[in-house]
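To start, the structure itself, in C-alpha cells.
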Amino acid sequence: MASTMDDSRHKDATSSSTCFSHFCSSALRAKTLKSSSSTNNSSDGLIRRLGVFDLILLGVGASIGAGIFVVTGTVARDAGPGVTISFILAGASCVLNALCYAELASRFPAVVGGAYLYAYTAFNEITAFLVFMQLMLDYHIGAASIARSLASYVATIFELIPALKGNIPPWVGHGGQEFFGGTLSINILAPILLAVLTVILCLGVGESSAVNSFMTAAKVVIVIFVIIVGSFKVDVDNWSPFAPNGVKHIFTGATVVFFAYVGFDAVANSAEESKRPQRDLPIGILGSLLVCVILYVGVCLVLTGMVPYNLLGEDAPLSEAFTSKGLKYVSILISIGAVAGLTTTLLVGLYVQSRLYLGLGRDGLLPSIFAKVHPIRHTPIHSQIWVGIIAAVLGGLFNVHILSHILSVGSLTGYSVVAACVVTLRWKNNTGNRVSSKCISTWCEGVLCIFLVACCGFAAGVLYRFGTHFIFMIVAVVIAIMACAALCFRQAYSDPPGFSCPWVPIVPSVCIFFNIFLFAQLHYEAWIRFIILSIVSVGIYAFYGQYHANPRLDETIIYHMAPEEDRH
C-alpha cells in the first residue's frame with residue numbers, strides 16, 4: 001500500500017515537472033524569421049497597396065484626433081506659453097521611439113505584428129504574448145472611448161439643424177442613458193459608427209486607406225487653416241511670461257502631452273500591405289510624427305498668443321478662443337475637424353487591432369479563425385469583425401471614459417519593449433550568447449542591464465511624482481547611465497540591414513528610461529491593471545497558448561504584390 005502511494009506521488013511529481021518543463025520550453029522559444037518572398041498566385045495573403053504617402057497619412061490619422069483642439073489648451077493652463085516647449089520635448093522623445101520602430105520595421109519589412117512580432121523575435125513567446133495583451137486592452141477600451149466621443153461630436157453637428165437642436169436624447173449620442181446606477185450606459189450611435197467603419201475596413205485596405213487619406217487630409221487642412229487665421233489674432237504680449245509657473249510645469253506638461261503623439265506605431269503594423277516596406281515604413285513612421293509635431297506646436301503658439309493662458313477654457317479652449325475673437329465659424333470648422341480626427345483615429349485603431357489578431361492567429365497563440373484572410377478582399381475579415389464587435393459592445397453598453405486613467409500602459413510597455421528589441425537584435429552572435437559556460441551569459445548580462453535601466457526609470461518617476469529630494473533622482477539616473485555604459489562596452493554590435501537607429505544602445509536606453517518614467521506618472525490603478533493583466537495573460541498562455549502555438553520557424557510569409565502600375 002505504501003509502495004503504491006509512493007509510486008502515485010512520484011508520478012504526480014514527474015507529471016508536474018513535465019508540465020513545468022514544457023511550459024518553460026514553450027515560453028522561452030523565440031521566432032526566427034527568414035527573408036520573405038512574394039507571389040501573385042496565393043489567395044490567402046494580404047495585398048500590398050499602401051505607398052509612402054498613404055503610410056504618412058495613416059500615422060497622422062492615428063495620432064491626431066480631437067485632442068489637438070483640447071489637450072493643447074488644457075496643458076497651457078498650467079505650463080503657460082511654455083506648453084510649446086512641452087510639445088517639443090514630448091515630440092523629441094517620441095522621435096527617439098520612432099527611430100527604434102523604424103529600424104525594426106525596416107528589418108522585418110514583410111511580416112505583420114509590430115511590437116508583438118519584434119518581442120517574439122528578440123526575446124521569447126511569453127514576452128510577445130504579454131506585450132500583445134497589454135496593447136490589446138488599450139486598443140479595445142480606447143476604440144470604445146473614441147467611438148463615444150465621436151458619437152457626441154456627430155450629435156452636436158446634427159443639432160446645427162434647428163429641428164434637432166436640443167431634441168436628441170442622451171441614449172442616441174450625447175453621453176448615454178444610464179441604468180442600474182450607471183453600471184450600464186446605453187449609446188446606440190457609437191455602435192452604428194463602429195459598424196460603418198468595420199464594413200469599410202472589411203472591403204479592403206485600398207478602400208479603407210482612401211477613406212483615411214480623405215479624412216486625414218481634411219483634418220490637416222482644417223488645422224492649418226486654424227493656425228493661419230489664428231495667427232492674425234495673436235498678441236505677442238500674451239507669450240510673456242513664457243513659463244509663469246516655472247520650468248517644472250513645462251516638464252510635467254511634456255509627460256502629459258507625450259500621449260498626444262501615440263499612434264505613429266500603427267504604421268509598423270502595415271508591413272505586409274506596404275508597397276516598398278523596407279524603404280517606406282521608416283519614412284512613414286518618422287514623417288507622420290514630424291507632421292504631428294509641427295501641427296501641435298503651431299496650434300500651441302496660436303492658442304497662447306490669442307488668449308492669456310490663465311483665461312483659457314477647460315472643455316473646448318481652442319473653440320472658445322476663436323469665439324471670443326468673433327470668429328464663430330472657425331469654431332464650427334473645429335467641430336468638423338474633431339469629427340474627422342476622431343474618425344481617422346478610430347479607423348486606424350480598428351485596422352491595427354485586426355492585424356495584431358492576424359499575427360497571433362498565424363502563430364497559433366489565438367484560434368486559427370483569426371488567421372484567415374478573405375481570398376478576394378485580402379483582409380482578415382474575421383479578426384476585423386471581432387474587434388468591431390468588442391468595441392461596439394463596450395462603447396454601446398458602458399461608459400468607458402471612466403477607464404481612461406488605466407490606458408497608455410500598453411503603449412508605454414510596447415514602446416519600451418521595442419527599444420529593448422533594437423538593442424538585443426544588434427548584438428553579434430545573438431543566439432550563441434544566450435548559452436554560455438560562464439555564470440551568466442553575455443546575452444543575459446545585457447538583458448539585466450536593460451532591465452536595470454527600466455527599474456531606474458520607474459524609480460526616478462516615482463521619486464519625481466512624490467516630490468522627493470532631487471538627489472535621489474540623480475542617483476537613479478547615475479545607475480541607469482552605468483547600466484547603459486555596460487551595454488556599450490560589454491556587448492558587440494552589428495549593423496542591421498536597411499534603416500539603422502543611430503547611437504545604439506544609447507538612444508534605446510533613453511527611450512526605455514523615459515517611457516518607464518512616464519509609466520510611473522500614471523494612476524496607481526494603471527499599475528494594478530498591468531500586474532493583474534500580466535497574471536491573467538500568463539494563465540491564458542499556460543492553458544491555451546503553449547499547446548497551440550506554432551511559431552512557424554521555418555516558414556515564409558506569403559503575400560500579394562500590388563499591380564505593376566501601382567508600385568510607383
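Going by the UniProt record's numbering, the first residue of the sequence shown is number 1, and it counts up by one from there. In this text, a Cβ means the ideal position worked out from N, Cα and C, and glycines have one as well. Quick caveat, the model's predicted, so the values are computed rather than measured.
Simplified DSSP assignment, three categories, for residue i
i, result
"PHE53", "helix"
"TRP239", "helix"
"GLU273", "helix"
"ILE186", "strand"
"ILE47", "strand"
"TYR547", "helix"
"VAL261", "Note that residue 261 is Tyr in the sequence shown, not Val. Three-state result, TYR261: coil."
"GLU178", "strand"
"TRP171", "coil"
"TRP527", "helix"
"TRP503", "coil"
"GLY432", "Any reading at GLY432 is ruled out, since the residue's pLDDT is 47, under 50, leaving its predicted position unreliable."
Beta-carbon proximity of residue i to residue j, cut-off 8 Å
i, j, result
"LEU197", "GLY173", "no"
"ALA30", "THR345", "no"
"PHE129", "SER537", "yes"
"VAL480", "VAL447", "Val is not the amino acid found at residue 480; the sequence shown has Ala there. No, these two residues do not count as a Cβ contact at 8 Å."
"LEU96", "CYS421", "no"
"TYR493", "LYS428", "yes"
"GLN546", "SER26", "yes"
"MET306", "GLY253", "no"
"ASP363", "ASN550", "yes"
"PRO277", "PRO497", "no"
"ASP78", "SER209", "no"
"PRO308", "VAL70", "no"
"LEU50", "LYS275", "yes"
"PRO166", "SER152", "Checking the displayed sequence, the identity of residue 166 turns out to be Gly instead of Pro. Result no, Cβ atoms of GLY166 and SER152 do not sit closer than 8 Å."
"ALA260", "GLY67", "yes"
"GLY298", "ILE56", "no"
"VAL60", "GLY414", "no"
"LEU487", "CYS456", "no"
"LEU289", "LEU533", "no"
"PHE264", "CYS94", "yes"
"PHE179", "ILE168", "no"
"ILE224", "LEU403", "no"
"VAL75", "VAL257", "yes"
"VAL226", "GLY91", "no"
8 Å contact criterion, which residue i and residue j should meet: CB distance rounded
i, j, result
"GLU273", "LEU135", "At roughly 19 Å, the Cβ-Cβ gap does not stay under 8 Å, so GLU273 and LEU135 are not in contact."
"ILE528", "PHE458", "Contact flag wrong, Cβ pair sits at about 15 Å."
"PRO380", "ALA105", "19 Å between Cβ atoms; not a contact."
"ALA147", "GLY395", "4 Å"
"ILE157", "SER335", "6 Å"
"GLY73", "GLY313", "7 Å"
"GLY113", "GLY359", "4 Å"
"LYS219", "ILE64", "7 Å"
"LEU397", "LEU193", "Contact flag wrong, Cβ pair sits at about 15 Å."
"VAL423", "PRO505", "5 Å"
"ALA391", "ALA155", "That pair is no contact at about 18 Å."
"LEU58", "GLY284", "7 Å"
"ILE126", "TYR544", "Actually they do not touch by this definition, with Cβ atoms about 13 Å apart."
Below-8 Å beta-carbon distance, residue i vs any chain B residue
i, result
"GLN546", "Considering every chain present, this structure includes no chain B. It has just one protein chain."
- Item | Start-end ranges of the alpha helix (DSSP H) lying completely within the segment 354-418, minimum 4 residues | Complete alpha helix (DSSP H) runs here, min 4: 381-397.
| said: Which complete beta strand (DSSP E) runs does the segment 77-131 hold, if anything under 3 residues is left out? | reply: If we require 3 residues or more, the segment 77-131 turns out to have no beta strand (DSSP E) run fully inside it.
Original post:
Does the segment 262-277 come close enough to the segment 102-121 to have 3 or more Cβ pairs within less than 8 Å?
Top reply: yes
Taking contact to mean at least 3 C-beta pairs separated by less than 8 Å, is the segment 334-344 in contact with the segment 98-106?
no
Three or more C-beta pairs under 8 Å: does that hold for the segment 78-95 against the segment 228-244? Yes, the segment 78-95 is in contact with the segment 228-244.
| Between the segment 508-525 and the segment 395-407, are three or more C-beta pairs nearer than 8 Å? | A contact between stretches requires three or more CB pairs, one per stretch, nearer than 8 Å, and the segment 508-525 meets this requirement with the segment 395-407.
- If you pair each beta-carbon of the segment 381-391 with each one of the segment 197-208, do three or more pairs fall below 8 Å? yes
Open item on the list: Using a Cβ distance threshold of 8 Å, determine whether the segment 292-310 contacts the segment 66-83, with at least three qualifying pairs required.
Closed with: yes
What are the start and end residues of each continuous beta strand (DSSP E) run of 3 or more residues lying completely inside the segment 434-512, in chain order? none
Start-end ranges of the alpha helix (DSSP H) lying completely within the segment 302-345, minimum 4 residues:
317-324
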